[in-house]
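Undergrad: So the sequences go chain by chain: R and S.
Anchor point for the first sequence: position 543 equals 543 in the working numbering, and the numbering is continuous, going up by one each time.
Anchor point for the second sequence: position 287 equals 287 in the working numbering, and the numbering is continuous, going up by one each time.
Note that CB positions come from ideal geometry on N, CA and C, so glycine has one too.
Below are the C-alpha cells for one structure; questions will follow.
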Amino acid sequence: MSENIHGFVYQKDADGIVTITMDMDGPVNAMNEQYRQAMAVIPQKLESEEGLTGVVFASAKSTFFAGGDLKELCTVPKGGEGHQFRVIEENIKAPLRRLEKLEVPVVAAINGAALGGGFELCLACNRRIAFNGPKAVVGFPEVTLGLLPGAGGIVRSIHMLGLQKALPFLMEGKRLKPSQAQEIGYVDQLVDSIEDLIPAAKQWIKENPVAWAQPWDVKGHKIPGGDKWSPAITNLLAVAPAATFQKTRGLLPAPERILAVCGDTVSVDFDTALRIESRGLAYLVTTPQAKNIITSSFFQLNSINSGISRPADIERTHVTKLGILGAGMMGQGIAYAAAKAGIQVVLVDTSIEAAEKGKAYSAKVLDRQIQRGRMSEQDKEVVLARISATTEYAALQGCDLIVEAVFEDITLKNQVTRDVEQFLAKDGVLATNTSTLPITLLSDASESPENFIGIHFFSPVDKMPLIEIICGEKTSDRTLARAFDFARQIGKTPIVVNDSLGFFTSRVFGTFMDEGARLLVEGLNPVLIDALAKQVGMPVGPLAVQDEVSQELTRKVAETHEKMGVLNSLGDNSCNAAVSVRLISEFGRGGRHHGGGYYEYAADGSKKIWPRLYELYFNPEVEMPREDIKDRILFRQVVESLKCLQEGVLRTVADGNVGSLMGIGAPAWTGGFLQVANTYEYAGEVGPKALLIRCEELAARYGERFSAPEILREKARSGASFE
Amino acid sequence: MAPNTAYVFDAIRTPRGKGKKDGSLHEVKSVALGSGLLRELQQRLDLDTAYVDDVVMGCVSPVGEQGGDIAKTIVQYAEWDESVAGVQLDRFCASGLEAVNLAAMKIASGWEELVVAGGVESMSRVPMGAAGGAWLNDPEINIATGAVPQGIGADTIATLEGWSREDVDAFALSSQQRAAHAQQNGYFDRSVVPVKDLNGMTILDRDEFIKPNSTMEVLGKLRPSFEAMGALGFDDLMLRKYPDIPSINHVHTPGNSSGIVDGAAAVLIGSEKAGKDLGLTPRGRIVATAVLATDPTIMLVGPGPAAKKVLAKAGMTTADIDLFEINEAFASVALRFMQDLDISHDVTNVNGGAIAMGHPLGATGAMLVSTILDELERRDLKRALVALCVGGGQGIATIIERV
C-alpha cells in the first residue's frame, strides 16, 4: 500500500519502516514548489505514523536528487530577498529540521548524484548509505553558480566534519565520488550493488532503533576541530578571506558570503547559524553575479552543448577518420584531443620529423596523465596507436573530416585545399583552423565550398574547452552539423558564428589588446593597465596577453588585412598594430617568444616591464579615474560583442556569452559580454539602459569606439534584455 | 588653547625584557610590572596617592591576566589609596601615548587634578593577537574591510618609496648603535626603574633586547618576515589598492622591525594646583595632542599627517621642534615619517628606538615620553614631538615642552 504525496511515494513495510521514494514530475528530483508541497506534509505524517520504526529516503530516478530549482531562483527579483528568506526558513529548512528530530532513525539511500539541495536533504538524515556506482556523486556546486548551500549545507557540514575539513567543499564546489565522501565522513556506508541499497538502509534501522538523534542535537556536542575560540580556527578564518580574494579578486560575492556564514557557524548555536545561512542565500539569489553566472554558465552552456545552434533536422554524425594538416602547436593538440576521443587520426606535415614530433606531443601529454595516475601505459598505447604521422596526402584517403592547420597564409591554405580535397570520403568536410582569415574567401579554392567550414581551436587545445565554428557564405547546414558533432565528439563546447573579419572571439580579443595599447600610448603606467584589467576580472592584462600572442602575429595579421584591403574595416585596432610595428621595427621586441615584448622575461619565469617602455610612453602627469580605466578595458569588448550580435556575426546571445567566457576570458561575474548588459547597474539604472549611459559617458570622454551600437539603444528603449 | 596646563611631573618605565619564555621579565605578571612603577612614583615623589584621581593604562591584549581593567588591579596591587580609580584603554600601538593624551585632556579640562598615564604589555605572557578582534578574525568583517596584516603595509611603504633591503637595514643598524650608545652612557638611567622580586632582588634593570654588535652583514642574512603571509593572498589585497606597483618587495625582517618585549610605563600628569598642593616640580608640559586615521590597508602612514595636525594645533612648524620620536614599528615607518615631515635623522630617534629596544605594544607610547624628556634635559633643549603609527591606519602625535 503506497501513497503518492506530491511526487514522494510513501510506503510503510511490515517492520514499520516507511520508505519515501522521490519520483517528482520533472526528469529529476529538485527543490521546487512540488518538493515544498511534499515536505509540508511528510514530517507531520511521519510524526503521527503509528508503529513507525524508521524512515528511508530513496529516489525512483537515476539520480538521487539534483538540487535547487535554478529557473525559479534565477527569477527572484531584487527586493524579493525577504520572501526568499521566509521560503528557505519555513518551507525548506523547518521540514528538514523536523525530520531530523523525528524519534526514529532516518536514512538517505543515495542511488546516484545527490547535489546541492539533494545532498542537504541527505545531511539532515541520521545516516547516509550510497551506491558505489560510477555515476554517483555528492557535493555542493552552489558556489560555482553564485549561490550558497542554503538548506543547511554549510551548517551541517561544519557540525559534521569541522570547519577545516568542510571548507574546501563549500568554497570550491568540488564533487565527490561515494568512496571519497565516505573517506571524509560525509557518507557513512557504501553498497556495491544498487539492489542492496534499500535493504542495507532498513537493516541499519533495525540494528540501530534508537539512533535518531543528530550529533548537534545531543547535549555537550562540540564542533569537531573547534569553534571560534580555537586558535587553529581563528587563524584559518583570518587567512581564508585573503586566499579567497586571491582567487576571486573580490568580484564574486558567493565565496565571500559562504566564508562569512562559516565564520558565523563556528560562533553561534546550530539553529541561529541555520538562520544566518538562510539570510546569506536570500541575499545571493538576487545578486547580478548569481543571475549572470546561472544564465550563461548553466542554462546557455547547456543549451549550446545540447545543440541549439546545430541544424535540428540533420541526423547526428560522427567522425571515424580525421586528417590534420600541419603538426605544429595547433595540429598536434587537435590530434591528441581527437585520438583521446577514439578517432583515427592522420597527422600530416611536410617532413616526417615534423609529423612525428607532432605525434610525440600526445605521448608527452599522456605520460603526464600516467604520472598523475589518471591513465595506464596501456591506455597510452591505445591512444597513440590511433595517430599515424606521415608526409603523404594519400594517407588521408577516406577521411570524414580534414582539418587544415597550416600557417595563416592564403596562398598556402588555398594550395593545401586543392591538394587534399580529393581524399575526403563522400560528403567529407574540409575545415580550416584559422583565427584571422575569412572562411568564404578560403572556400573559393574548394571544389565544393558547401563542404568547407572554419573550425577555430583555442590553444592549448587539450585544455581549452571552446571551439568556434565559422560558416562561410556557402557552407551547408549539413557541413555545420558535422563540424558541430565533431566538436561534441571530442568533448568541446562549440559556438557557431558567421564569417566576418576575426569572427567573434578574435575580433573582440583584438579590441582588448588595442585598448591596452591605447592606455599605454596615452601615458598610463603599464603596470597599472595590466593590474586594473585583472581588477575588472580579466585573467591577464592586455599588455601581458599581447606578449603571449606576440607583437609579431599582430603585425602579420595587420599586414594580411591590409593586403586584403580590409584593415580596420570593423573597428579600429590601429593603435595596437602601430605599437606592435614600432616595438618590432625599432627595438626588435616581437613578443614573449621573440625575445620579449612589453615585458622582459627572466630565465626563472618571472617578468617585469621592459624599462624603455616607460621612456617611450609613460607620462606621470596623466591622471585618469581607475574606474574609467577598468571600464575602458571591459567596455571595448562589450561594445564589440554587441556589434557582433547586431551584425549577425553572432547567431545567438548564448554563443556570445559562452564564447566570451570560454574563449576570450570574459570575467565570470559578467556572465559573458552580452549578459553583462542585462544586469549592469549604473547611475541608478539597471540593465541595457545603465550600460548605455556608461557607454555614452566613455564615448564622450575617450572616443567614438565606446558609443553604443543600435542594438543596445533599442534594448534600452524597449526595456528588453538580451536573451 | 586649553583652559589649564597639563604638566608632566615625572615619567618612568621598566626596562624592556625579551618577550619570550627566556626573557627576564617572563616570570613577572603584567600587573606587577605596572604596580612596581606606581610604587616607585609614590616613593620618588613622596606622593599622597589619595590625591590621584585616576590611573589610565594602555594595554593592547587586555585578556587573561591583562584583562578585566588591568589599570584598576594595578592600583590595588600597588596598595595605593582605595579612592584611586583606574581605566584600561586600547588604541592599538598608540595606547600608551593615548593614555598620556587622555590624562592631559583630563587635566586641561579642569575636571581632574592628578592622573597617572601609562601602559603595560607582557607580550611573553599574553601574546600579540590574543584579544582577537573581528577585523581580522571574522570573515564577514574581514572581507568588508579588506584587512591586511601591518607588516605587509610596512613592506608596501618601502616598495612605494623605492627603499631597498639595504636602506631599511641601515636604519635598523643605526637604531641599534644609537640605543647601545645611549644605554652605555647612562642616558636611560633616570627613567628606567629596575624590576624586583618579592625579596627585593633585581630581576632586570636595563633593556635586554638591544643588540650592540649588529652589523649589516648579520641583518642582511635574516629572512623576510611577511613574504609567506603575503603569498597567501594578502599581497593581492594590498595591490588592489596600490596597482601602480607590480609586486611587493618584502624587505622587513625581525632585524628591522620592532622587537617583541615585555614592559610598562607610567607618567604623572597634573595641574598647576596639584603641583602646588603636593610640592611637585613640573619637568614639562603637554603642548598639544592629535589623532587621526589614514588608509587602513597600508595602515602605517598615519604618523606624518598626525604630526602635521598636532603642529597646526600648536601653531608651530617642524622648525619649532628640537627632537622627534617616531615609534620604530618598522624601519620604513620611521623613514616615511622623516620624509613626510622633511626632518633629519640627526634629530629623530636620537637614542634609537623600538627596533633596538622593542615595542611593548600598550606601553611604548608612554615610554617615549620618558625617553624624550630625559634627552631634552640632557641636551638642554626645549621641545619634542612624539608620534606612533597605529592599527587601522591611525596616527597619533603629542608635543612636549620643558618648563
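Check each residue of the segment 597-617 of chain R: if its Cβ is closer than 8 Å to any Cβ of chain S, include it; give the result in chain order.
TA: For the segment 597-617 of chain R, the set of positions with a beta-carbon nearer than 8 Å to some beta-carbon of chain S reads K608, I609 in chain order.
Undergrad: Kindly indicate which residue of S:C93, S:V251, S:G118 has the alpha-carbon position closest to the one of V100 of chain S.
TA: Against the second sequence, residue 100 of chain S aligns to sequence position 100. Closest by alpha carbon: S:G118.
Undergrad: Determine whether the beta carbon atoms of M729 of chain R and I308 of chain R lie at a separation below 7 Å.
TA: The shown model of chain R, from 1 to 723, leaves out residue 729 of chain R, and the question about it has no answer.
Undergrad: Of the residues that make up the segment 235-247 of chain S, which ones have a beta carbon closer than 8 Å to any beta carbon in chain R?
TA: Listed by position along the chain: D236, L237, L239, R240, P243, D244, I245, P246.
Undergrad: Below 8 Å CB to CB, which residues in the same chain sit around I245 of chain S once its five sequence neighbours on both sides are set aside?
TA: Locating residue 245 of chain S in the second sequence gives position 245, where the first residue counts as 1. So the list reads T156, T159, L160, L239, once near-sequence residues are dropped.
Undergrad: In the DSSP assignment, the alpha helix (DSSP H) including N137 of chain S goes from what residue to what residue?
TA: Sequence index remark: in the second sequence, residue 137 of chain S carries index 137 (1-based). Element bounds for N137 of chain S: 134-137.
Undergrad: Could you tell me whether any Cβ in chain R is nearer than 7 Å to the Cβ of P139 of chain S?
TA: Along the second sequence, read from residue 1 onward, the residue named residue 139 of chain S stands at position 139. Using beta-carbon distances, P139 of chain S counts as an interface residue toward chain R, with a partner under 7 Å.
Undergrad: At 8 Å on the CB atoms, spell out the chain R contacts of L232 of chain S, in chain order.
TA: Within the second sequence, numbered from 1, the residue matching residue 232 of chain S stands at position 232. Ordered by position in chain R, the residues that pass the 8 Å Cβ test against L232 of chain S are V239, A242, A243, Q246.
Undergrad: Assign D655 of chain R to one of two classes, buried (16 or more other C-beta atoms within 10 Å of its C-beta) or exposed (fewer than that).
TA: For the purposes of this step, residue 655 of chain R is taken as residue 655 along the first sequence, with counting starting at 1. Around the C-beta of D655 of chain R, 16 or more other C-beta atoms lie within 10 Å, and the residue is accordingly described as buried.
Undergrad: Kindly identify the DSSP beta-bridge partner or partners of P494 of chain R.
TA: Residue mapping note: residue 494 of chain R aligns to position 494 of the first sequence, counting from 1. P494 of chain R is bridged to R:I467.
Undergrad: Given a cut-off of 7 Å, decide if I399 of chain S and V310 of chain S are closer than it, judged by their beta-carbon atoms.
TA: The residue you call residue 310 of chain S lines up with position 310 of the second sequence. The residue you call residue 399 of chain S lines up with position 399 of the second sequence. Yes. Within cutoff.
Undergrad: For A531 of chain R, which residues in chain S fall below 7 Å Cβ to Cβ?
TA: Looking up residue 531 of chain R in the first sequence gives position 531. Within 7 Å Cβ-Cβ: L239, P243.
Undergrad: Going by the CB atoms, is the gap between T21 of chain R and V104 of chain R shorter than 7 Å?
TA: For the purposes of this step, residue 104 of chain R is taken as the residue at position 104 of the first sequence. For the purposes of this step, residue 21 of chain R is taken as the residue at position 21 of the first sequence. No, they are not a contact pair.
Undergrad: Should I205 of chain R be labelled buried (16 or more other beta-carbon atoms within 10 Å of its own) or exposed?
TA: Position 205 of the first sequence, counted from the first residue, corresponds to residue 205 of chain R. Counting Cβ neighbours within 10 Å, I205 of chain R comes out buried, since at least 16 surround it.
Undergrad: At a Cβ threshold of 7 Å, is E627 of chain R touching chain S?
TA: On the first sequence, residue 627 of chain R is found 627 positions in, with the first residue counted as 1. It does not; no Cβ of chain S falls within 7 Å.
Undergrad: Given V148 of chain S, which residues of its chain have a CB within under 6 Å of its CB, disregarding the five upstream and five downstream residues?
TA: Counted from its first residue, the second sequence places residue 148 of chain S at position 148. Closer than 6 Å at Cβ, skipping near neighbours: F234, L237, M238, T297.
Undergrad: State the Cα-Cα distance for the pair A130 of chain S and N235 of chain R, rounded to the nearest angstrom.
TA: Mapped onto the second sequence, residue 130 of chain S falls at position 130. Mapped onto the first sequence, residue 235 of chain R falls at position 235. Distance between the alpha carbons of A130 of chain S and N235 of chain R: 11 Å.
Undergrad: Ignore the nearest five residues each way along the sequence and tell me which others in V383 of chain R's own chain have a CB closer than 7 Å to its CB.
TA: As a first step, residue 383 of chain R is located in the first sequence; it is residue number 383 there, counting from the start. Once the five neighbours on either side are set aside, the close Cβ partners of V383 of chain R are A339, K340, S362, L366.
Undergrad: Along the beta strand (DSSP E) that carries K12 of chain R, what are the first and last residues, could you check?
TA: Mapped onto the first sequence, residue 12 of chain R falls at position 12. Going by DSSP, K12 of chain R is part of the beta strand (DSSP E) stretching over 8-12.
Undergrad: Is F9 of chain S near L280 of chain S, with beta carbons less than 7 Å apart?
TA: Numbered from 1 along the second sequence, position 9 holds the residue referred to as residue 9 of chain S. Numbered from 1 along the second sequence, position 280 holds the residue referred to as residue 280 of chain S. Yes, Cβ-Cβ distance for F9 of chain S and L280 of chain S is below 7 Å.
Undergrad: With 7 Å as the threshold, decide whether the Cβ of L160 of chain S is near any Cβ in chain R.
TA: Within the second sequence, numbered from 1, the residue matching residue 160 of chain S stands at position 160. Cβ-Cβ to chain R under 7 Å: no for L160 of chain S.
Undergrad: So which of S:S247, S:D374, S:A397 has the shortest CA-CA distance to L528 of chain R?
TA: The sequence position of residue 528 of chain R within the first sequence is 528, counting from 1. Comparing Cα-Cα distances from L528 of chain R to each of S:S247, S:D374, S:A397, the minimum goes to S:S247.
Undergrad: One question on the structure: do N292 of chain R and T19 of chain R come within less than 7 Å of each other, judged by their Cβ atoms?
TA: Along the first sequence, one-based indexing puts residue 292 of chain R at 292. Along the first sequence, one-based indexing puts residue 19 of chain R at 19. No.
Undergrad: Taking CB distances under 7 Å as the criterion, tell me whether N142 of chain S reaches chain R.
TA: Here residue 142 of chain S corresponds to residue number 142 of the second sequence, with the count starting at 1. Cβ-Cβ to chain R under 7 Å: yes for N142 of chain S.
Undergrad: Have a look at the DSSP bridge pairing and note the partners of Y7 of chain S.
TA: Reading the second sequence from its first residue, position 7 is the one you call residue 7 of chain S. According to DSSP, which records beta bridges pairwise, Y7 of chain S is partnered with S:G270, S:R285.
Undergrad: Can you tell me which residues form a DSSP beta bridge with N4 of chain R?
TA: What you label residue 4 of chain R is simply residue 4 of the first sequence in a count that begins at 1. Note: N4 of chain R sits in a beta bridge opposite R:V9.
Undergrad: Taking 7 Å as the threshold (beta carbon to beta carbon), is L41 of chain S in contact with chain R?
TA: Position 41 of the second sequence holds residue 41 of chain S. It does not: the Cβ of L41 of chain S has no partner Cβ on chain R nearer than 7 Å.
Undergrad: Could you have a look at A30 of chain R and say whether DSSP puts it in helix, strand or coil?
TA: As a first step, residue 30 of chain R must be located in the first sequence, where it is residue number 30. If DSSP states are grouped into helix, strand and coil, A30 of chain R belongs with the strands.
Undergrad: Can you tell me which of R:I410, R:P460, R:R36 puts its alpha carbon nearest to the alpha carbon of L441 of chain R?
TA: Numbered from its first residue, the first sequence carries residue 441 of chain R at position 441. Each of R:I410, R:P460, R:R36 was checked against the Cα of L441 of chain R, and the nearest Cα belongs to R:I410.
Undergrad: Closer than 8 Å is the cut-off here; do at least three beta carbon pairs connect the segment 493-503 of chain R with the segment 522-540 of chain R?
TA: Taking 8 Å as the limit for Cβ pairs, the verdict is that the segment 522-540 of chain R does not touch the segment 493-503 of chain R.
Undergrad: Count the other CB atoms within 10 Å of the CB of Q489 of chain R; is the residue buried (16 or more) or exposed (fewer)?
TA: By 1-based counting over the first sequence, the position of residue 489 of chain R is 489. Buried, since its Cβ has 16 or more Cβ neighbours within 10 Å.
Undergrad: Using only CA atoms, which one of R:S230, R:L70, R:L167, R:A558 lies nearest to V137 of chain S?
TA: Along the second sequence, read from residue 1 onward, the residue named residue 137 of chain S stands at position 137. Note that residue 137 of chain S corresponds to Asn in the displayed sequence, not to Val. Nearest C-alpha to N137 of chain S: R:S230.
Undergrad: Round the Cβ separation of L712 of chain R and L642 of chain R to the nearest angstrom and send it over; I've been treating them as touching at under 8 Å.
TA: Position 712 of the first sequence, counted from the first residue, corresponds to residue 712 of chain R. Position 642 of the first sequence, counted from the first residue, corresponds to residue 642 of chain R. Sure, about 5 Å apart at Cβ, within 8 Å.
Undergrad: Counting only beta-carbon separations shorter than 7 Å, does G225 of chain R have a partner in chain S?
TA: Sequence index remark: in the first sequence, residue 225 of chain R carries index 225 (1-based). For G225 of chain R, the answer is no, since every Cβ of chain S falls outside 7 Å of its Cβ.
Undergrad: Find out if the Cβ-Cβ distance for the pair L322 of chain R, I343 of chain R is shorter than 7 Å.
TA: Position 322 of the first sequence holds residue 322 of chain R. Position 343 of the first sequence holds residue 343 of chain R. Yes, these two residues count as a Cβ contact at 7 Å.
Undergrad: At a Cβ cut of 9 Å, what residues of the segment 535-548 of chain R count as close to chain S, listed as they run along the chain?
TA: Residues passing the 9 Å Cβ filter: Q535.
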